[in-house]
Structure formats: structure tokens, C-alpha cells
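If you read the sequence shown in this note's numbering, its first letter stands for residue 31, the second for the next number, and so on.
In what follows, a structure is listed as C-alpha cells, so that the remarks can point back to it.
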Amino acid sequence: MSQTAIHPLQHLMQDLQKRQQGLGEQLQAFQLLQQEIAALKQRAPQDAQARQRLERLSRAMQGELAPLNQRLSQCVESLQGNFKSLEASLKQAGSGGTDKPAAARKAGPMLGRNFI
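Below, the structure is given as C-alpha cells:
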């Protein structure tokens, strides 16, 4: 593999690491939020303020946050698809693009030619 081929892959890996770090931070914040919600649920039977906060959160999730929740789900699905595509591209690049059977490689250049 040439030096120019390694450089774009290194750049890509650095970008992925930065994105992974950002996602990790967001996941940590989400887990903290889940813990806070669990604590509110535990206190709700005896604590009116905890019940009120849970009710407001429930209304928000069903109302104004519902479109954001839907968009988040779409983004997660898109991200998963992008990672699968990236993985396939990296595997193909790593194998030198020889994943195709020999018959398919030989037949490929003949397609689209007109013979008289």
C-alpha cells in the first residue's frame, strides 16, 4: 500500500475517533439522565415533587420532545448504516478489492461494449 493510500485512512480513523469520543460523552450524559429518572421513580411514591417532575418529563416526551426523539432514532439508524458501509469499504480496501469472484472480474470490462 502506498503512502498516499495510508494517509486518507489515517485521517478517516482520526475523524472516527473524534466522533466516537463525542458520542461517548453524549452517551455518558444520557446514562446520567437515566439514573436521575430512575431515582425520581423510586422517590415518586412518597415525594410529590418527584412525581411532578416525572409527569412534566412524560408530557414533554409525548409533546414537544417527540419530534426530537423521532429525529434521534432516524439519526441512529443512519449512523448504523454509515458504519456498516464504512466497514465494508475498509474491508474491501484492505483486501485490495479482490472480494469479487474471478468470473465477475473478467466479465465486468466486457459489459456495455458493442460488437459488430
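The beta-carbon is built from N, C-alpha and C at its ideal position, and this holds for glycine as well.
Collapsing the DSSP output to three states places ASP45 in a helix.
Assignment of PRO75 by DSSP, reduced to helix, strand and coil, places it in the coil class. LEU53 and GLN104 have their C-alpha atoms roughly 16 Å apart.
A Cβ-Cβ contact shorter than 8 Å links LEU84 with LEU70. Under the three-state reduction of DSSP, GLU117 is assigned to helix.
ARG89 is positioned such that its CB atom lies no closer than 8 Å to that of ALA80. In the structure shown, the three-state DSSP call for SER125 is coil.
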